[in-house]
Ligand SMILES: Cc1ncc(C[n+]2csc(CCOP(=O)(O)OP(=O)(O)O)c2C)c(N)n1
Ligand SMILES: Cc1ncc(C[n+]2csc(CCOP(=O)(O)OP(=O)(O)O)c2C)c(N)n1
Ligand code: SF4
Ligand code: SF4
Ligand SMILES: [Mg+2]
Ligand SMILES: [Mg+2]
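Residue numbers (my numbering), protein chains in the order written: chain A, 1 to 615; chain B, 1001 to 1615; chain C, 2001 to 2337; chain D, 3001 to 3337.
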């Protein structure tokens, strides 16, 4: 394939594939990221599709995109701005032009830039490049549709099928640009279209021709070199946050020896957890697709009463519906994990977009004094870890745990080093034992203050549970005023004591900086990248990122109080900042908030942090 | 009826009628309070009954009580401790002995203090007075059952019916003690039992005989004199908090010219609002007893969309279920009042007891950034005022309003001076008008930032509403990031601006004291009484009592910051204190909390405040 | 706008319709608009209330009043609207998930109360908007994203549930069957009380062809039966098949065979209060029977919203309490001078 | 404890029962305990799950495992429990409000899925615990605290709703009818799948005598009919009345009059899959008909919890993925050396 004319050396690159919902951009992006990962780059990806199933063709609302960020160093976010944009139609260009890095490469299928499509996308003239002021960019106008047709003209396929494979042409071209092997994609094509040899051949040919088109064009096409990352030895796979959550529970089930039960009702962007666990009948998972969110959590509570590791998964509006039942689990002191994949609110809001605005709801969205454990995962792959630990805490402390993720990390992917479960901690199930003297349903472990689990079936431990207040010393229903106070206190204390069993907060970056950035949950990648880049630029900065929210790590106050400025960054109007105000009132908190259905950009964070440090 | 031997002059007295659930204590208490009110005393009452419909006879859990506090001065609570206790059986004595004022009067039906009943109540000996250490009390052992039987022996009634009227005997006796006229009660008996002349005659006779028994006994029975209060001229009636809420909405409907719609599902202790409004078909109220709480609020949202003044009523667990739908009202910016009569939580908790533990849920129990107005009534009769103002704010600002009351003020009663609606403010309905230029569904009033109400039926204003995010400038569905931020901001700002339309916070007591007591909602009576008594005892103390919580009155910070010590008193673990920490972080807040299903006692408040002032 | 100039175009607005090309929802939108025009509705007196789902985007495409609410709560919100404002013509748009999964309770209670709503249930036997999980109307064994090994649940039969909840109007039609749909919609609109119309709707993306066994042109005549009140239950390409009763069982017969004549064929009585036969018709499933289309039940009953109004009017006539002031001064009051 | 020594007393505990004296709930508690004893249940294998209501206090009075949950959610919680632990015998206690108002959706879905629960519906046609508001089974016109002028709603007929939701077991009995109740409970327990038993229960305090028109000793024989599978449908003080079919209508006839003999009387077939006749029996109302008691429908169908287990076992047999490690190493992975 000849020598390349100009090769650009890069540490990292962001590529975005973008086109109509029907253009196969999700697949294209996925294949590209897999190849990059196998090649040895660290990657982070993010899909971004319209909330309509098939929005009108050619319009901005119908644009579907997939962004891949890969590099020779660790990569923590899918990237703010693109080095390379593939735009299959004018709407894709229109939607993404503002996300281009200055001077980046834009590949367009010029066949689709006709008057009709330009108008649909809202362009006023027939020169969208000029309209978008992209003159200084490297715009590669390739007649991809025509070339695809040309490539397949002798195969005997109908035009529709031919055009359906034009995404492979674009992919081939991009592979050439990054000098990537085609074998993984070829394998995939053979498997995926196994039913029709013709389609396999067509796609393989188009992929190849796209690649070759690159070398033909090489005079005008830049080509990049990103050397592999220096990653830890091991077996890897790509993992999305939602799959990671599902698998974290599978791991917890295996480690605890409990059967896994999921009660759930589909809701964007949490549905994939339900779908993944539905596939895991091979591992004995009992999945109950309930009639609604309330039945989702209630079946899980029933299963928990019955002795299973029980979970329920949902997103914001669904969590609102589960509030009453979470209260029952608080009162009955049963283990339960409620996963809430946050999305844009309020109400139906922006259902396919990301946000961190359910924190207060998770903490307080129930009647009465109703404390439970709240945790948050920080990245697609550590959704695995926090699902595991959420289950561990729920079981060992006999309490409901709300695990927060968000649309951004749920849909995003990262390479995941396959763990050896032997390295993971045990999960000890606090079952009743025959030798317990004077056992009653609310007898407590003296350290954790958790009660013991007596699942039906064990002779001698028959007992009623329920949502009415119970006597501290007998577990019978009690209306006694002092007892109520005691139970209210002990339920809170039980949650507070979880702090004795979780890791302390660690500072990332310069522990001795003036400014402490505080974040929680799914903003980890952006905050860390901003921190990392600023430090590389010579700034001093520290980051405290929270995954345990209720209770907070024990050393939280000691850490926070040692900084001059604390800035809490979150994708809401300041919910965690307010929570910290309740907990540690004497400290001052600055806020950096964004509620746009989008993650932070590293750029905006850096600018803001710089301004803070300069003040 | 002769001269009385010893008459005790008192400013105020607390009387508690107490017996088995079937003993008619609620009626007895009610009749007594009415008579006292008509006599011209200020009164405050509180019923207290078991959560079981008919708990086992003779047991403590079956005791039903009714407490009346009346005085020559203003009375703000039903009183902590009793001057006079009527105990119809041993269980009633057992349940209430600890609530006696030292040296108080205890009337017992000695016929019911037999071995069986003593045992059922849990007494170990046959001398309960000694067991309770009530030796220094004035215990009047009257054979009430026997006397009642004696009184009616010639009337031809069966024993069951005879014994059913023994409460009238006790009531007659108490009337004698307080030298009260019988006429109101006689009238009541005649109306109530109109169907059976025999029963009327029996009850009248028993009442009379009970009264006369007092004069016979007068050597040993103390008798009290409490002169009438100096109350404002007008027509009065007794009003419970729940009825007051219902009537507040009736008033708001009349003042706004809107029809009133209630969608609700029964739940203790809120059900009476539903029941009262069900009776008000005469005033055109449309009451929809829904299949659950969700349908309760959803029918109300539908009615609000349709142009009615729409409300829904519930208690804690029901509010949890309504969270998702409140979010819809927030997003659709429709007027709606959600009344939450708080009870003991979490979960089913202590359903018949009082608590203030739903504040956080009211503020934050929804997905996304979902601000709405939160208010709280302070006493049974001002439930009327706050229901009225909740409706006014909801309508004029086009927003859902959550109005918090609690089991204590909902069930308690006070005399209520009947208002002249002409003295009450107008409620202006922000309807669209034909002359609106470029109207769209989210066009806003520039001062309030509220949108206009275009109820179906008006030609030219057809539009779709919905839970998806809408464009600020057109009202169409929008996924635009900046627009979302703008809408999130404006929804909050709209709620914040309600502060421009509500009264400023006023300090009660000594504005220049060191200690500021802060309270909110239904604790008003106890806090004020404690303040009042301490001031009469020569202490300096100030009280800031909140009825508007979101937004807070505009001058809140200025007031709070001028005190050395702020102590937030509430019947939860510190929810309002935490809210203040979020809002005004630089001030320090002490907390006085109680979560026992009971109101504060004035005594415990006074002691605590004294300790604070002495520090 | 005078009534007779109203066209279905008047019920369209300027929003671009965002359902997938080929989705059955487009046709239903057209039918509803057509029915409204033919009924001579005024735009301002129509309100369309939906829940959440592909189907529930419906109100955005109507030029009437509309409310796209929350998942499953459409019937409750529409009930409140209708009771608040009984003059409105309220249409409630819902899907098999929206109505029968999360919204099942409001659905059956709305039917029980017999509130005058026209409920259109888009039955594509799938959750479309969330991209393809099985729904409460998916057949046992159905493979979907959330049932990769096939479901182990019996589906609801919507008509059976409606009748079990004391429904007085139930009809069924096919998305592509425009003309018939318009007739059925009009019948539903004219029925006083809750009317439920199940539309067999195709989701081209996640459940394509799910109804085609029955609805495809080449089979439809033999596998469905169009019921009309007062008409014999005849179907088939050659209109030679019919339904008769044998004991308590329905049976398909061929006219002209075994001595069967048209006179032997059952005549459809949609107005019959007793629902026995209507239930059997509702439950007919292919291949044993043709699937019943058209208005299966259309019986009279008291209507909740009307009764609420009447009760209020009746009480208002009799009561002395005419105002807030009358109320607060009634009963036990006392004067302080 | 050997099985044959188990007595109903073993199912009692030491808690004092707090229902009102005279409440029908006491009798139901006794019947359930008796049925369990006669079925030879072990205490530890029984779990009783309830919602909220007077009736739902039930689990506190049982010496078995129990769960007094939240209002209306009993069927969902019991479903989860049964699927998690299919060996348990799960009884679900509920009231007309708990099951049919707030819990309606879980109720019908549990029935549709056919989960092996024994659901006892205490139908007192009132909300007892909240002190007397009308319920979804209160008759039209019923006056209560929340309907001072009478309701304007049609009630659900629980059996009709159960059958409309594809129920395979429905029975009805009377609270005071201890012996019969025990038999019905046992039949329900033996039925695999969801069984619903409606008990006509008297609330002495808020709805006293609501069923007495039918259940009172002096009328019962003439106003009710005890159905038994395989037996002719005969009733009446003199056992001279019976039911026959006339077309699609049931008719009450007198044996010995107009030439009617016992052979003309319908024989009850509870096991018949087609529910037509069972639905008609379920819906019979006094005064036109006797009210049907006993097991009205008891047909076979696939049971959800069993199918879940079978499906899992089947897939586990075939799958290569036996552990977490197998899973995470399957599919697209790569090595970094
Ligand atoms: C409270 C809540 N739960 C879940 C969802 C997610 N959700 C949206 S639509 C839908 C199902 C839609 O199915 P259906 O009603 O059949 O409509 P279709 O899309 O097939 O027309 C679900 C589960 C939601 N939006 N809100
Ligand atoms: C979420 C919620 N809503 C409402 C209530 C109040 N509530 C308790 S029991 C009940 C109705 C009980 O009626 P039913 O199920 O018929 O039982 P019964 O008391 O008649 O046996 C209601 C409305 C509650 N506890 N929780
Ligand atoms: S996903 Fe299916 S139901 Fe939804 S719009 Fe597309 S075709 Fe229609
Ligand atoms: S109120 Fe009625 S249902 Fe409840 S315990 Fe008393 S009698 Fe029974
Ligand atoms: Mg659907
Ligand atoms: Mg009931």
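Here a beta-carbon is modelled for each residue, glycine too, at the ideal position from N, C-alpha and C.
Source: prediction; values computed, not measured.
Interface partners of residue i on chain A, CB under 9 Å
i               : result
residue 3291(D) : What residue 3291(D) touches in chain A: nothing, since even the nearest Cβ is about 31 Å away.
First through last residue of the alpha helix (DSSP H) which encompasses residue i
i               : result
residue 547(A)  : Note, residue 547(A): premise wrong, no alpha helix (DSSP H); not H, not E.
residue 1599(B) : First-last for residue 1599(B): undefined, no H or E at that position.
Within chain C, the residues that residue i reaches when beta carbons sit closer than 7 Å
i               : result
residue 3044(D) : None at all; the shortest Cβ gap to chain C is about 28 Å.
residue 1298(B) : 2073, 2076, 2077, 2080
Close-in-space but distant-in-sequence residues of the same chain around residue i (CB under 8 Å, 5 per side omitted)
i               : result
residue 2012(C) : 2033, 2061, 2062, 2063
residue 460(A)  : 434
Reference residue i, options the options, closest by Cα
i               : options                            : result
residue 96(A)   : 120(A), 368(A), 66(A), 73(A)       : 66(A)
residue 190(A)  : 179(A), 261(A), 79(A), 204(A)      : 204(A)
residue 1417(B) : 1360(B), 1028(B), 1240(B)          : 1240(B)
residue 1955(C) : 2316(C), 2330(C), 2333(C), 2306(C) : Lying before the first or after the last residue shown, residue 1955(C) is absent from chain C, which here runs from 2001 to 2337.
residue 397(A)  : 35(A), 491(A), 317(A)              : 491(A)
Proximal residues of chain D, C-beta to C-beta of residue i below 8 Å
i               : result
residue 2274(C) : 3248, 3249
Backbone secondary structure at residue i - three-state DSSP
i               : result
residue 554(A)  : coil
residue 1382(B) : helix
residue 1519(B) : strand
residue 1607(B) : helix
residue 2002(C) : Note that residue 2002(C) has pLDDT 47, beneath the 50 cutoff, so the model's placement of it is unreliable and the number below is only indicative. Coil, per DSSP.
residue 570(A)  : strand
residue 3171(D) : strand
residue 2137(C) : coil
Own chain residues within Cβ distance below 7 Å of residue i, not counting five before or after
i               : result
residue 1247(B) : 1384
residue 283(A)  : 250
Under 8 Å by beta carbon: chain C residues contacting residue i
i               : result
residue 274(A)  : 2133, 2146
residue 1238(B) : 2332
Residue range of the unbroken beta strand (DSSP E) whose run includes residue i
i               : result
residue 1109(B) : 1100 to 1109
residue 286(A)  : 286 to 289
Cβ neighbours of residue i in the same chain (closer than 6 Å, five flanking residues each side left out)
i               : result
residue 1344(B) : 1350, 1353, 1355, 1597
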